[in-house]
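As structure tokens, the structure follows; a few thoughts come after it.
Protein chains in written order, with the numbering used here: chain C, 2 to 310; chain Y, 2 to 310; chain G, 2 to 310; chain B, 2 to 310.
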């Protein structure tokens with residue numbers, strides 16, 4: 002999540018990495034946004050809700066503030082529960098949607114990048130997913146395709162590059178370099194995300210074929226992790242594990258002020274003042290975040306192992 | 002911090018573990034609270050402010066909602082800065098105040114307890130302090146007092162017991178058991194605290210001779226870590242590393258409502274409604290909390306090693 | 002493994018924590034040792050070999066240099082393999098033998114102690130097992146027996162006390178104290194062991210009802226973790242993850258000298274000289290020990306969760 | 002250490018990464034090897050011995066089985082001692098020799114690569130050194146050269162790429178890619194090494210301008226980390242933290258057989274047989290390796306921070 006600190010959101014707009022939540026900010030949910038398709042499925046038995054947001058064209062991208070592409074959000078309240086019997090069906094569901102976006106991957110080389118800071122619990126999701134992956138690229142190199150045929154595995158490599166405060170480098174620099182050398186056909190980036198609502202934390206996975214584009218692609222492509230910047234297909238898998246502290250305060254304030262009959266202008270002005278506060282580099286996360294990260298990262302590893310290993 | 006989840010704070014009263022902040026909640030700072038003495042020193046050169054709150058009697062305890070005893074708060078903005086040259090003077094200052102509360106400890110057996118959850122970054126302070134301590138009890142046992150005389154060390158043992166979700170046991174149960182077996186003369190508990198203000202996070206150390214008393218001693222002594230419950234002198238060393246999410250929202254709201262001219266009753270009512278929200282087990286912490294915890298725990302270890310090793 | 006450094010083994014006798022390997026050192030395998038019963042089962046399909054050594058009386062204990070009791074050794078070459086489908090049947094098998102030694106435990110309070118040093122990879126087995134346990138004692142305390150009935154769980158608490166270099170205390174002191182406070186009916190200690198043979202590393206689990214008795218109970222009971230010292234039933238679960246460096250050199254040398262026709266006296270003398278070497282605090286372990294510990298600790302946690310949670 | 006598993010050493014030749022130890026294998030220490038210069042300094046007060054081995058030409062390289070270049074070995078028995086007052090002078094000494102090999106680096110961009118596996122204690126040296134570095138590249142990028150002038154820092158970036166079993170990629174592939182993107186002027190690789198003698202473990206640092214060349218450069222340049230393969234100056238900093246299990250057995254055997262009057266041919270033959278044993282992927286390391294790695298990595302970080310930050 003570190004990398005998306007200064008993502009140029011306009012003042013007052015609450016920060017979220019979920020296309021689903023951006024969609025919800027439009028005042029009237031039933032109004033169709035031009036260029037954006039919305040689809041929802043709910044599996045009652047498994048308690049898994051899948052929402053697909055497709056941004057078809059530039060109009061949709063402008064309205065949503067997110068690049069053109071497909072955003073699949075899997076909401077599974079049981080994702081962070083202790084009972085492991087819930088995780089297998091979620092991993093299967095997740096694998097299905099990764100395969101859908103990845104296309105035919107059976108014989109492709111995959112690089113999985115576990116973004117984030119291993120030392121900050123809610124940001125350790127990416128590195129922990131990588132820790133549990135079945136890595137095969139070096140084995141196939143050593144034993145030939147016999148290995149992958151015999152074990153029915155794909156060709157998987159992985160890296161947890163760390164965050165800029167640890168490396169002094171942009172994640173995009175590190176990945177671009179590695180990709181040039183090892184030439185994978187598909188990159189999968191795993192990252193902890195910021196949500197707007199506390200209720201979505203650790204219960205939601207977003208899968209998208211747009212990669213990660215901080216600042217909604219407005220010029221800031223140097224930091225982006227997408228096909229344009231990396232030169233290869235990119236699927237991004239994210240789980241909201243934090244809410245920005247400013248967002249949580251803003252949202253409560255805004256609800257209150259609206260309820261109290263303040264006018265939009267007054268609300269905007271007050272919000273602008275709040276922004277000055279030093280809440281900028283603060284996040285909100287649950288006290289049992291260690292357990293949630295452990296379980297969710299395990300489930301995502303399982304999904305990826307199902308797809309590619 | 003885990004252990005102080007449900008500390009029976011009355012509704013509306015913001016949650017803080019710092020006596021200093023409790024003192025500040027009294028409307029007019031200059032009014033003397035009966036039974037409470039306040040003293041402040043500021044070393045401009047080192048930029049270290051030391052505030053001593055002494056709760057002298059039960060009246061003071063009732064007013065403050067904290068047990069009788071001495072609370073020394075050391076505010077050092079440089080505590081979490083990268084430049085290590087700042088840490089030595091802070092460690093020295095801290096050692097001075099620990100010695101003050103500990104009395105003559107040169108030849109006493111000390112048990113240091115690093116409370117908190119190693120797996121949740123802002124709560125890992127206690128375990129990380131213990132990781133850097135110079136442990137000597139087993140060496141003195143093996144080589145006799147010659148060892149402690151030759152190396153001029155005290156007799157130090159230490160434990161990081163983990164939190165209840167990891168052990169199924171109260172920290173007080175674990176410590177009481179260990180104390181009965183090993184009979185230390187002084188217990189020092191290290192813990193991450195919750196502050197009310199974001200501005201104090203990772204810049205403040207509170208040293209107190211009251212130990213830790215969740216729920217301000219109102220009957221809930223089973224969980225307390227103090228002389229009464231452990232049967233031995235207890236010094237508590239704490240650093241605020243988080244703010245409760247509810248507190249941060251409440252404080253902003255309250256300020257706003259007061260400014261807008263709402264009446265106390267209205268504010269109280271609105272705050273009561275807010276409480277219902279699911280922010281209960283959420284905390285706020287800075288994004289670079291890993292670096293802060295690493296530096297502060299190192300400084301505290303140094304202070305303890307200066308005192309006892 | 003830290004705790005068994007100086008276990009008073011007589012010179013020349015290779016060091017091993019496995020009763021099975023002690024048994025093998027008797028020159029002629031088929032000779033019956035008085036007071037010792039040996040039983041072997043092999044499940045070809047699962048490739049799991051179970052050897053039960055029962056030391057019936059003091060004669061057997063003297064001959065074996067181990068306390069009276071039952072030692073079950075489960076050899077499963079697939080224990081450290083990557084393919085997780087192997088782990089489930091091993092966990093089941095292991096659970097069967099734990100239940101056998103534990104007796105009826107469904108409604109008993111269990112304390113699991115993960116011994117060893119989390120910071121030294123081959124010694125991190127115990128702490129890592131504890132990390133994956135389903136801990137319930139605090140939940141039952143909070144929600145009553147309804148919880149355990151509804152979730153069909155036992156009453157499980159756990160602790161990873163660390164090693165003496167970290168705490169300054171004997172593991173036995175820490176556990177005795179905790180046991181006095183929390184009164185479990187059964188203690189299960191998990192520990193990394195030293196084997197004699199490299200071939201057994203990370204492929205073997207020993208389950209015994211004798212606890213852990215460094216120095217074969219000869220007076221050194223202060224350090225022991227058994228019913229006598231802890232006052233409660235103790236089951237020890239151990240996996241050999243290291244070979245003492247001295248052992249590996251000795252064994253090779255001895256084989257060579259025997260083959261070359263040296264006489265026993267000459268061999269003994271040479272071995273005595275070797276002992277002087279500084280290999281005392283050195284161990285041998287495989288380069289991929291991190292992967293093995295991760296897998297095995299997961300399998301053991303699963304076995305314990307099957308039994309008690 | 003992972004990367005140098007199969008380094009094509011000729012049978013019987015004991016494995017060591019230290020030029021100093023290779024030099025010692027020549028039967029008569031005082032005989033000059035053509036093309037190799039040896040220089041030794043001993044600072045009695047600090048108890049630091051510095052040995053410089055310069056391999057001047059191909060003859061020297063052939064004789065030593067190591068590439069042409071300068072190998073500085075700093076032996077400091079106090080390197081792994083607990084008393085921190087010893088570490089400062091060692092860090093200073095180390096910094097002196099790094100500067101010597103690095104040339105004028107004040108205004109050069111440096112990439113530090115912490116090789117090895119963070120999860121295997123004796124192999125975690127590189128990653129732990131990186132954890133304590135003062136990283137500045139991103140700050141200079143953000144705040145301009147003002148930052149480096151004001152703080153008198155160099156331009157430092159760093160990466161801990163992990164080992165092939167974790168990434169599926171050669172370390173050389175990962176570094177080559179990152180170097181192409183970020184264009185540092187100097188790469189410093191930190192790695193745990195294998196020594197021949199137990200007595201050198203955790204007391205020795207080797208600094209060399211040859212980089213790391215598995216298999217002594219004989220064709221196997223794909224895996225090498227040197228100027229030729231990375232296209233940029235490379236300084237390698239290594240600390241022997243393990244001895245190969247085979248080496249320790251071989252050495253003891255060889256000493257014994259020589260003493261017993263066996264002929265070289267017999268010894269060679271026996272050693273060949275020993276090789277077949279499964280000791281190949283086994284290493285020997287001390288039980289307190291966690292403490293040594295922590296201290297040494299801290300000292301090396303300090304040395305690097307002195308040089309470049």
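Built from N, CA and C at the ideal position, the CB exists for glycine as well. Bear in mind that the values here come from a model prediction, so they are computed numbers and not experimental data.
- Counting C-beta atoms within 10 angstroms of its own C-beta, residue 137/Y has 16 or more neighbours from the protein chains shown and is therefore classed as buried.
- Residues of chain C with a Cβ closer than 8 Å to the Cβ of residue 122/Y are, in chain order, 120, 121 and 122.
- By the Cβ criterion, the region 111 to 120 of chain B is not in contact with the region 59 to 76 of chain Y, since fewer than three pairs of Cβ atoms, one from each stretch, lie closer than 8 Å.
- 136, 137, 138, 139, 157, 158 and 159: these are the residues of the region 133 to 159 of chain B whose beta carbon lies less than 7 Å from some beta carbon of chain C, given in chain order.
- Proximity of chain G to residue 246/B at the Cβ level (cut-off 7 Å) is accounted for by 249 and 285, in chain order.
- Closer than 8 Å to the CB of residue 168/B there is at least one CB belonging to chain C.
- The C-beta of residue 227/Y has 16 or more other C-beta atoms within 10 Å across all chains shown, which makes the residue buried.
- Going by DSSP, residue 156/Y is part of the beta strand (DSSP E) stretching over 156 to 160.
- Rounded to whole angstroms, the separation of the alpha carbons of residue 44/C and residue 18/G is 53 Å.
- Every beta strand (DSSP E) of 3 residues or more that sits fully in the region 105 to 134 of chain G is shown, in chain order, as 110 to 115.
- Under the three-state reduction of DSSP output, residue 225/G falls in the coil class, being neither helix nor strand.
- Burial check for residue 170/G: the Cβ neighbour count within 10 Å reaches 16 or more, so the residue is buried.
- Residues of chain Y with a Cβ closer than 8 Å to the Cβ of residue 290/G do not exist; the shortest Cβ-Cβ separation is about 22 Å.
- Residue 128/G has a beta carbon lying at 8 Å or more from every beta carbon in chain Y.
- Residue 95/B places its beta carbon less than 8 Å from that of residue 301/B.
- Between residue 209/Y and residue 237/Y, the gap from beta carbon to beta carbon is short of 8 Å.
- Taking a Cβ-Cβ threshold of 9 Å, the residues of chain G close to residue 254/B are 250, 253, 254 and 257, in chain order.
- Close partners of residue 165/G in chain Y (Cβ separation under 7 Å): 139.
- Two segments are said to touch when three or more pairs of C-beta atoms, one from each, lie closer than 8 Å; by this definition the region 50 to 58 of chain G does not touch the region 280 to 298 of chain G.
- The distance from the Cβ of residue 309/G to that of residue 212/G is about 18 Å, inconsistent with a contact at the 8 Å cut-off.
- DSSP places residue 256/Y within a helical segment (H, G or I) once states are collapsed to three.
- Contact residues of the region 189 to 220 of chain Y toward chain C are 199 and 200 (C-beta to C-beta distance below 8 Å).
- By the rule that beta-carbons nearer than 8 Å mark a contact, residue 280/C touches chain Y.
- With respect to residue 187/G, residue 114/G sits apart: the two C-beta atoms are not nearer than 8 Å.
- Under the Cβ criterion of 8 Å, residue 41/G is not counted among the residues facing chain Y.
- Chain-order list of chain C residues neighbouring residue 181/B: 178 and 181, by C-beta distance under 7 Å.
- The beta carbon of residue 162/G falls within 8 Å of a beta carbon belonging to chain Y, placing the residue at that interface.
- For residue 169/B, no beta strand (DSSP E) segment is defined, and its DSSP state is neither H nor E.
- With a 10 Å radius around the Cβ and a threshold of 16 neighbouring Cβ atoms, residue 259/Y comes out exposed.
- With a 10 Å radius around the Cβ and a threshold of 16 neighbouring Cβ atoms, residue 139/B comes out buried.
- The residue from 83/G, 71/G and 20/G with its alpha-carbon nearest to that of residue 291/G is 83/G.
- Of the candidates 191/Y, 197/Y and 150/Y, the residue whose Cα lies closest to the Cα of residue 161/Y is 191/Y.
- For residue 239/Y, the uninterrupted beta strand (DSSP E) segment begins and ends at 234 to 245.
- The beta carbon of residue 71/C is closer than 7 Å to those of 53, 55, 102, 209 and 210 in its chain, skipping five residues each way along the sequence.
- In terms of Cβ geometry, residue 159/Y and residue 126/Y do not form a close pair [threshold 8 Å].
- Among the CB atoms of chain B, one or more fall inside 8 Å of the CB of residue 175/C.
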